[in-house]
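Enquirer:
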Amino acid sequence: MSDDRASTPGSVDKLDEKLDEDHLHPASNADSPTTSPSPLATNAGDGEELDIERDAGLPPVEIPGGPPVKESPEEKEAFLVRWDAGERTNPRNWSTAYKGWITLQLGMLALSASLGSSITAPAFPEIARAMHISEEVVVLTISLYVLGFAFGPLLWAPISEVYGRRLSILPALVGLSLFSIGTAVSQNAAAVMLTRFFGGIFGSAPVSNVAAALGDLYEPKARGIAVTFYAVCVVGGPTIGPVIGSALTANPHFGWRWTEYIEAIWTFFFTTLSFFFMPELYAPVLLKRKARRLRKETGDVRYWHPHERAKISPSNILTKHVSRPIRMFVTEPMVTCIAVYASFVFALLYMTLEMFPMVYGRENIVPTYGFGAVVSSLPFLGLFVGVLGAMGVNLANQPRYSRIVAANKGRAVPEARLPPMLIGGVFFAGGIFWFGWTANPKHNWAIPTVATAFIGAGFNIIFQQCINFLVDTYALYAASAVSANTFLRSIFASGLPLAVRPMFARLGVGPSCSILGGAACAALPVPLLFMRFGARLRKKSKFAPAEED
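Positions in the sequence shown are counted from 1; adding 3 to them yields the numbering used here.
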């Protein structure tokens, strides 16, 4: 690659980039035979081709337990295992119905983890009394869980890229189930906080890896609908969790501990279901298995795939998931602005876990409607309705985006993702102001509740298009760009809810929401700026693919 392109040192990182390309385009060679000598193209977008020996830094093929094999580069290229045209073991060639069944399982796994982030929120007063802590401190049960989302991907993403999706998601969800039970049986505040934090670390696996699994399953043109469903599942947890949690907490036969028991039961059920019915999806792992099968069936040890040498490397983890995301966040204006914007809207979603009970419940911190625990949680359904409504906006942009990509010779056009963000930004900021200045007992409860739908719709539109923009912009380095976004949004979502109670108590609902709405308005020009200057910034970027004229 040219000197102005970002690179990572050592053969391990070059192999990692080679395997990233397999992840981004696992079926890109579906029309070539298994041993086709055609070279693999990188995703750099600069027309370069990947020389397997030189660029991946791979040694000559040597099968464990067998004699060394010396081959020419031409022979090595010829026996590189790829997908055959129409091969049924390629996940992208499976039937639409079967893909839908797997997508449903993946969505429920993501929902299992996101549900755990909020299901305890209605039980804050009960937990505070049981553990002899203040309600300000009990908010840490949410913050620590979401903080686990920031650090968990450092473990689960490398496991996913080496061992596949099943081993990175299903065992982690068993861990989430066990830590949820641990929270349920805890007898002191320290145990509750510790089990919640580790629950978040284990629960981060599906949240961070399901989107990649959908990329294994669908071609880019068909991926939009699946990713939209995934986004609804991720957002659905924080919005429907309080409704479930309030019903359990208010029932004298259950109580707050059953919020965690239900989380464990839900998670374990869908984990068990997926253990039996969800196959491996990660193309490099499947091609590695194919290479082993071909060697066994033919007796020819020259069949190979680079993923056979993939290992979890501490240096690789630090590069891809720590140092490179930090570099991109500091040096790439597009990563910085998009990450901060997405993190703010994500944090506000978790701030509502504190805002709504104060406004609709009986806490008397601000003027309230005085509803009971269950009824005061129902406005969260308004958020969820807005999230569902946003699907229409996101999906409506898909045909337009496909036409623009086709006109650009099949190359991604990140700026074409941004127009829906303008709509989402207006919905989001307007919804915050609307809620803040109507959430008062002198107004009918339905008026601020309708505003929550606009907040939910704006959040989902902004959040999904931010992720799409980063993936389209950085291609091969998209995982690092998204890692920066994931880490920052988890930090925001774990910290900002702690400020809600003191801010609302001191300033009131209207002024507090005006501060939040003002911040949302300040971010409104972000998509306009990138629509105007995005192409210029990408040309100067060390990480974005160079574009052909």
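We treat Cβ as the ideally placed atom computed from N, Cα and C, and that holds for glycine.
(1) Residues in the same chain with beta-carbon distance under 6 angstroms from T38, minus the five sequence neighbours each way, listed in chain order, please.
(2) Cα separation between V141 and V369?
(3) How big is the Cα-Cα spacing for T252 and L384?
(4) Please list the terminal residues of the continuous alpha helix (DSSP H) segment that includes L284.
(5) Express the C-alpha separation of A538 and P423 in angstroms, rounding to a whole number.
(6) Determine the DSSP secondary structure at W86, reduced to helix, strand or coil.
(7) DSSP state of W448, grouped into three classes?
(8) Where in the segment 471–514 do unbroken runs of the alpha helix (DSSP H), each at least 4 residues long, occur, reported from the N-terminal end onward?
(9) Using the Cβ count rule (16 or more neighbours within 10 Å means buried), how would you classify Y101?
(10) Here's a check: name, in chain order, each residue in its chain whose Cβ is nearer than 7 angstroms to the Cβ of C340, leaving out the five neighbours to either side.
(11) When DSSP labels each residue in this structure, what does W307 get in the three-state scheme?
(12) Which stretch, first to last residue, makes up the alpha helix (DSSP H) that contains T441?
(13) Going by CA-CA distance only, name the one from F205, P128, R406 that's closest to N117.
(14) Taking the C-alpha atoms as reference points, what is the distance between S121 and A547?
(15) Candidates N488, T186, F438, G248: which alpha carbon is nearest F200's?
(16) Based on Cα-Cα distance, which residue from E283, R420, L150 lies nearest to Q468?
(17) Could you spell out where the alpha helix (DSSP H) holding I543 opens and where it closes?
(18) With a Cβ-Cβ cutoff of 7 angstroms, do T262 and A376 count as a contact?
(19) Output needed for P282: all residues of its chain with C-beta closer than 7 angstroms, excluding positions within five of it in sequence on either side, in chain order.
(20) Report all residues from its chain with a CB closer than 8 angstroms to the CB of F332; omit the five preceding and five following residues, and keep chain order.
(21) So, with DSSP's three-state summary, where would you put G373?
(22) Is there contact between the segment 272–292 and the segment 173–182, where contact requires at least three CB pairs shorter than 8 angstroms?
(23) Which residues bound the alpha helix (DSSP H) around I145?
(24) What's the call for H446, buried or exposed, on a 16-neighbour Cβ count within 10 Å?
(25) Should P382 and T455 be called a contact, given that it needs their Cβ atoms to be closer than 7 angstroms?
(26) Report buried or exposed for A47, applying the criterion of at least 16 other Cβ atoms within 10 angstroms of its Cβ.
(27) Please determine if the segment 321–328 and the segment 238–257 are in contact, where contact requires at least 3 C-beta pairs separated by less than 8 angstroms.
(28) Reducing DSSP to helix, strand and coil, say where E263 ends up.
(29) Using a threshold of 7 angstroms, state whether the C-beta atoms of P94 and L290 are closer than that.
(30) If I measure Cβ to Cβ from W269 and keep anything under 7 angstroms in the same chain, skipping five residues before and after, which residues do I get?
(31) With distances taken between CB atoms, is the gap from A525 to L356 smaller than 7 angstroms?
(32) Which same chain residues, not among the five before or five after E139, have their C-beta less than 7 angstroms away from its C-beta?
(33) Which ranges does the alpha helix (DSSP H) cover as unbroken runs of at least 4 residues, wholly within the segment 102–188, from first to last along the chain?
(34) How is the alpha helix (DSSP H) around F257 delimited, first residue to last?
(35) Going by other Cβ atoms of all chains shown within 10 Å of its Cβ, with 16 needed for buried, is P76 buried or exposed?
(36) Please say whether S379 and P561 have beta carbons closer to each other than 7 angstroms?
Expert: Reading it off the structure:
(1) Bear in mind that a pLDDT of 37 at T38, under 50, signals an unreliable position, so the number given afterwards is only what the model happens to contain. Apart from the 5 residues on each side of it in sequence, T38 sits with its Cβ closer than 6 angstroms to the Cβ of A81, F82 in its chain, given in chain order.
(2) So the two alpha carbons sit approximately 19 angstroms from each other.
(3) Rounded to the nearest angstrom, the gap between the Cα atoms of T252 and L384 is 18 angstroms.
(4) Here L284 belongs to no alpha helix (DSSP H), and DSSP marks it neither H nor E.
(5) Between the C-alpha atoms of P423 and A538 there is a straight-line separation of about 18 angstroms.
(6) In the three-state reduction of the DSSP assignment, W86 falls in the coil class, being assigned neither a helical nor a strand state.
(7) Residue state for W448 is assigned as coil, using DSSP reduced to three classes.
(8) If only complete runs of 4 or more residues are kept, the segment 471–514 shows the alpha helix (DSSP H) at 481–498, 500–510, in order along the chain.
(9) Y101 comes out exposed.
(10) If you ignore the 5 residues before and after C340, its C-beta comes within less than 7 angstroms of the C-beta of V529, all in its own chain and listed in chain order.
(11) The three-state reading of DSSP puts W307 in strand, counting E and B together.
(12) Judged by DSSP secondary structure, T441 falls within the alpha helix (DSSP H) whose first and last residues are 422–441.
(13) According to the sequence displayed, residue 117 carries Ser and not Asn. Of F205, P128, R406, the residue nearest in Cα terms is F205.
(14) For S121 and A547, the distance between alpha carbons rounds to 36 angstroms.
(15) Here the closest residue by C-alpha is T186.
(16) Closest option to Q468, Cα to Cα, is R420.
(17) It is Lys, not Ile, that sits at residue 543 in the sequence shown. DSSP places K543 in the uninterrupted alpha helix (DSSP H) bounded by 528–543.
(18) Not in contact: T262 and A376 (Cβ atoms no closer than 7 angstroms).
(19) Cβ neighbours of P282 beyond the five flanking positions: none.
(20) Hits under 8 angstroms: V338, T339, A342, A487, L491.
(21) It is coil, neither helix nor strand.
(22) Judged by Cβ distances under 8 angstroms, the segment 272–292 makes contact with the segment 173–182, as three or more pairs qualify.
(23) For I145, the enclosing alpha helix (DSSP H) covers residues 143–154.
(24) Counting the other Cβ atoms within 10 Å of the Cβ of H446 gives fewer than 16, which makes it exposed.
(25) Closer than 7 angstroms, so yes.
(26) Confidence in A47 is poor, its pLDDT being 32 and thus under 50, which makes the residue's placement too unreliable to answer from.
(27) In this structure the segment 321–328 does not lie against the segment 238–257, because fewer than three pairs of beta carbons, one per stretch, are closer than 8 angstroms.
(28) Of the three classes helix, strand and coil, the one that applies to E263 here is helix, per DSSP.
(29) Between P94 and L290, the CB-CB gap reaches or exceeds 7 angstroms.
(30) Only S115, L118 meet the Cβ criterion.
(31) No.
(32) Excluding residues within five positions, the ones whose Cβ falls inside 7 angstroms are R504.
(33) DSSP runs (the alpha helix (DSSP H)) wholly in the segment 102–188: 127–134, 138–141, 143–154, 156–166, 168–187.
(34) Run containing F257: none; DSSP gives neither H nor E here.
(35) Exposed, because fewer than 16 other Cβ atoms sit within 10 Å of the Cβ of P76.
(36) In this structure the chain extends from 4 to 552, so residue 561 is not present and cannot be described.
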